[in-house]
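Numbering (our numbering), first residue to last: 21 to 112.
All remarks here apply to the structure that follows.
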Ligand code: SF4
Ligand code: SF4
């Protein structure tokens, strides 16, 4: 399971998919909780990206802090400064 699949809609909206990065475009979405939010036009109600395979570079290269912390999950990047420093401490 990828890190992104464990995120709630609220996390996706606040951290990564509130607007289309190329244009700033947004659409209105009513969440299950009843909250009304502005989100990227390509974010689906299920929390997936409807243009995932052709999403812009900004989206493909965006890694939030959760990727630095959740080793063992798809997308985990062992070369980040966090992990390099952690490896040094683990080896002490
Ligand atoms: S990039 Fe981060 S905030 Fe966005 S869906 Fe993935 S794990 Fe969640
Ligand atoms: S294009 Fe897809 S990945 Fe990029 S912000 Fe919109 S929903 Fe998120």
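Ideal Cβ positions, reconstructed from N, Cα and C, are used throughout, including at glycine.
Classified as buried, residue 59 has 16 or more neighbouring CB atoms from the shown chains inside 10 Å of its CB. Secondary structure at residue 68: coil, using DSSP grouped into helix, strand and coil.
The residue among 74, 68, 78, 75 with its C-alpha nearest the C-alpha of residue 22 is 68. Ligand 1 never approaches residue 59 closely enough for any of its heavy atoms to be under 8 Å from the residue's Cβ.
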